[in-house]
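S.K.: Residue numbers for the sequence shown follow the numbering used here, so the first one is 1 and each next one is one higher. Below: one structure in structure tokens.
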Amino acid sequence: MNPQIRNPMEGMYRHTFNYNFENEPILYGRSYTWLCYEVKIRKDPSKLPWDTGVFRDQVRPKLQSNRRYELSNWECRKHVYFQPQYHAEMCFLSWFCGNQLPANKRFQITWFVSWNPCPDCVTKVTEFLAEHPNVTLTISVARLYYYRGKDWRRALRRLHQAGARVKIMDYEEFAYCWENFVYNEGQSFMPWDKFDDNYASLHCKLKEILRNPMKAMYPHTFYFHFENLQKAYGRNETWLCFAVEIIKQHSTVPWKTGVFRNQVDPETHCHAERCFLSWFCDNTLSPKKNYQVTWYISWSPCPECAGEVAEFLATHSNVKLTIYTARLYYFWDTDYQEGLRSLSEEGASMEIMGYEDFKYCWENFVCDDGEPFKPWKGINTNFRFLERRLWKILQ
Numbered sequence: 001m002n003p004q005i006r007n008p009m010e011g012m013y014r015h016t017f018n019y020n021f022e023n024e025p026i027l028y029g030r031s032y033t034w035l036c037y038e039v040k041i042r043k044d045p046s047k048l049p050w051d052t053g054v055f056r057d058q059v060r061p062k063l064q065s066n067r068r069y070e071l072s073n074w075e076c077r078k079h080v081y082f083q084p085q086y087h088a089e090m091c092f093l094s095w096f097c098g099n100q101l102p103a104n105k106r107f108q109i110t111w112f113v114s115w116n117p118c119p120d121c122v123t124k125v126t127e128f129l130a131e132h133p134n135v136t137l138t139i140s141v142a143r144l145y146y147y148r149g150k151d152w153r154r155a156l157r158r159l160h161q162a163g164a165r166v167k168i169m170d171y172e173e174f175a176y177c178w179e180n181f182v183y184n185e186g187q188s189f190m191p192w193d194k195f196d197d198n199y200a201s202l203h204c205k206l207k208e209i210l211r212n213p214m215k216a217m218y219p220h221t222f223y224f225h226f227e228n229l230q231k232a233y234g235r236n237e238t239w240l241c242f243a244v245e246i247i248k249q250h251s252t253v254p255w256k257t258g259v260f261r262n263q264v265d266p267e268t269h270c271h272a273e274r275c276f277l278s279w280f281c282d283n284t285l286s287p288k289k290n291y292q293v294t295w296y297i298s299w300s301p302c303p304e305c306a307g308e309v310a311e312f313l314a315t316h317s318n319v320k321l322t323i324y325t326a327r328l329y330y331f332w333d334t335d336y337q338e339g340l341r342s343l344s345e346e347g348a349s350m351e352i353m354g355y356e357d358f359k360y361c362w363e364n365f366v367c368d369d370g371e372p373f374k375p376w377k378g379i380n381t382n383f384r385f386l387e388r389r390l391w392k393i394l395q
């Protein structure tokens with residue numbers, strides 16, 4: 001990353017925002033990415049942002065020097081495509097990392113960007129998230145750039161896989177940006193023509209890109225979300241590793257594996273369990289085959305998901321489900337307890353993940369680069385505590 005990146009701007013003009021953030025799915029001439037950011041410190045009693053600002057793609061110095069006329073479209077495109085170190089995302093990372101942030105604070109970063117990050121920037125963002133486990137990132141994009149390209153679709157999935165939340169900007173977020181990052185002169189945000197249709201189209205495209213399961217997760221994601229703490233703060237989503245086997249006579253044949261996580265969907269708030277069921281029913285399930293499905297999940301299912309899974313098992317006698325959970329979600333709440341019992345009553349086998357299960361997940365669902373699984377302090381003590389809790393619930 002460039003160590004001499006300039007400081008962020010405080011805001012942008014109205015015409016700049018309207019031109020660059022218009023959510024038309026296909027737009028020409030928007031050669032730069034604009035990035036509005038908000039950094040918050042989690043659990044800060046004031047609830048106020050730690051910092052806010054705006055970045056845009058930079059023109060590299062050689063193009064800037066002694067020029068009084070605007071760059072041609074070709075020069076802009078060449079700069080944007082082939083100079084990723086000057087992209088808005090890289091400007092933000094250079095500025096953010098240069099602030100000597102305290103490691104004992106947890107930061108929540110939100111980006112509102114006119115275009116989704118390019119594959120090169122995604123690589124740097126995923127590296128940044130791996131190196132800063134105390135940072136969470138949400139990326140709300142106005143438009144999807146080159147969403148038909150395999151590399152760009154893969155890049156969006158890599159962000160999702162690295163733990164970043166990726167979503168399409170909705171009306172509330174455009175209005176929020178207008179109020180907080182635009183010199184609006186007291187005027188209200190006015191959505192452009194076909195705003196709702198454009199949002200719906202982009203939302204469906206992103207949902208389709210992220211719908212299929214991931215092959216694996218990054219090590220920092222696994223260690224953070226699967227640690228079997230008795231009280232796990234900041235783990236606000238569920239990660240689900242699955243293995244589907246076909247039962248043939250008295251043995252099973254491995255078939256498909258993958259990873260799901262909660263999707264950021266303002267309409268359905270699709271939990272990982274629902275993501276799996278949707279994918280399994282639409283792409284895999286056949287009434288002529290018998291299946292053994294195994295889940296390794298970071299949190300036990302909520303009552304709603306437990307009810308849906310139990311109903312699914314009741315209507316699909318050809319599916320057997322085993323659930324290994326790293327932690328029990330709200331295990332003291334009677335509704336959550338009843339949800340787990342409903343799963344057990346429909347034939348699901350419920351277990352607490354032990355050392356061997358974590359090791360299996362590490363070797364089969366984590367991009368481990370050949371590194372062995374390193375158990376955390378208290379893994380066995382926490383296992384015994386959670387195992388006793390689950391046993392009492394299911395009695």
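Ideal Cβ positions, reconstructed from N, Cα and C, are used throughout, including at glycine. The structure presented is a predicted model; accordingly, all values stated were derived computationally and were not measured.
DSSP on Asn7, reduced to helix/strand/coil?
M.R.: By one-based count along the sequence shown, residue 7 stands at place 7. Three-state result, Asn7: coil.
S.K.: Compute the Euclidean distance between the alpha carbons of Asn116 and Cys275, then round it to the nearest angstrom.
M.R.: Here residue 116 refers to the residue found at position 116 when the sequence shown is read from its first residue. Here residue 275 refers to the residue found at position 275 when the sequence shown is read from its first residue. Looking at the two C-alpha atoms, the distance is approximately 23 Å.
S.K.: Return the first residue and the last residue of the alpha helix (DSSP H) that Leu206 is part of.
M.R.: Here residue 206 corresponds to residue number 206 of the sequence shown, with the count starting at 1. Run containing Leu206: 195-211, per the alpha helix (DSSP H) assignment.
S.K.: Less than 8 Å between the CB atoms is what I'm expecting for Leu178 and Phe189, so what's the real figure, rounded?
M.R.: Numbered from its first residue, the sequence shown carries residue 178 at position 178. Numbered from its first residue, the sequence shown carries residue 189 at position 189. For the record, residue 178 in the displayed sequence is Trp; it is not Leu. Confirmed, Cβ separation roughly 4 Å.
S.K.: Three-state secondary structure (DSSP) at Pro254?
M.R.: Here residue 254 refers to the residue found at position 254 when the sequence shown is read from its first residue. Residue state, collapsed to three classes: strand.
S.K.: Using CA coordinates, which residue listed in Leu48, Leu35, Ile323, Pro49 is at the minimum distance from Arg56?
M.R.: For the purposes of this step, residue 56 is taken as residue 56 along the sequence shown, with counting starting at 1. Checking every option, the nearest Cα to that of Arg56 belongs to Leu35.
S.K.: Spatial neighbours of Asp335 within its chain, please: C-beta separation below 6 Å, excluding the five flanking residues on both sides.
M.R.: As a working note, residue 335 is residue 335 in the sequence shown. Only Pro303 meet the Cβ criterion.
S.K.: By Cβ distance below 7 Å, which residues in the same chain neighbour Asn66 in space, the five residues on each side in sequence not counted?
M.R.: Position 66 of the sequence shown, counted from the start, is the residue given in the question as residue 66. No answer about Asn66 holds up, because its pLDDT of 34 lies below 50 and its placement is not dependable.
S.K.: Pop quiz: Leu386 and Leu328 are said to be a contact at Cβ under 8 Å. What is the actual Cβ separation, rounded to whole angstroms?
M.R.: Position 386 of the sequence shown, counted from the first residue, corresponds to residue 386. Position 328 of the sequence shown, counted from the first residue, corresponds to residue 328. Rounded, the Cβ-Cβ distance is 6 Å, consistent with contact.
S.K.: Rounded to whole angstroms, what's the CA-CA distance from Val182 to Asn198? Just pull it up for me.
M.R.: By 1-based counting over the sequence shown, the position of residue 182 is 182. By 1-based counting over the sequence shown, the position of residue 198 is 198. If I take the Cα positions, the gap works out to 22 Å.
S.K.: Okay, do the region 248-263 and the region 213-220 touch, 3+ Cβ pairs below 8 Å being the bar?
M.R.: In short, these stretches touch, since the Cβ pair count reaches three.
S.K.: Do you know offhand how far Lys288's Cα is from Glu363's?
M.R.: Taking the first residue of the sequence shown as 1, we reach residue 288 at position 288. Taking the first residue of the sequence shown as 1, we reach residue 363 at position 363. The straight-line gap from Cα to Cα measures roughly 32 Å.
S.K.: Measuring only the C-alpha atoms, how far is Lys207 from Thr136?
M.R.: As a first step, residue 207 must be located in the sequence shown, where it is residue number 207. As a first step, residue 136 must be located in the sequence shown, where it is residue number 136. When rounded, the distance between both Cα atoms is 21 Å.
S.K.: Nearest by alpha-carbon distance to Pro25: which of Thr110, Trp192, Cys367 is it?
M.R.: In the sequence shown, residue 25 corresponds to position 25, counting from 1. Of the candidates Thr110, Trp192, Cys367, the one whose C-alpha sits nearest the C-alpha of Pro25 is Trp192.
S.K.: Once you ignore the five residues that flank Tyr147 on each side, which residues in its own chain have a CB closer than 6 Å to its CB?
M.R.: Counting from 1 along the sequence shown, the entry for residue 147 is found at position 147. Cβ neighbours of Tyr147 beyond the five flanking positions: Lys205.
S.K.: Taking the C-alpha atoms as reference points, what is the distance between His225 and Leu48?
M.R.: For this step, residue 225 is matched to residue 225 along the sequence shown. For this step, residue 48 is matched to residue 48 along the sequence shown. Cα-Cα distance, rounded: 26 Å.
S.K.: Closest to Asn212 by CA distance: which of Phe107, Arg106, Lys256 is it?
M.R.: Working through the sequence shown from its first residue, we reach residue 212 at position 212. The option with the nearest alpha carbon to Asn212 is Lys256.
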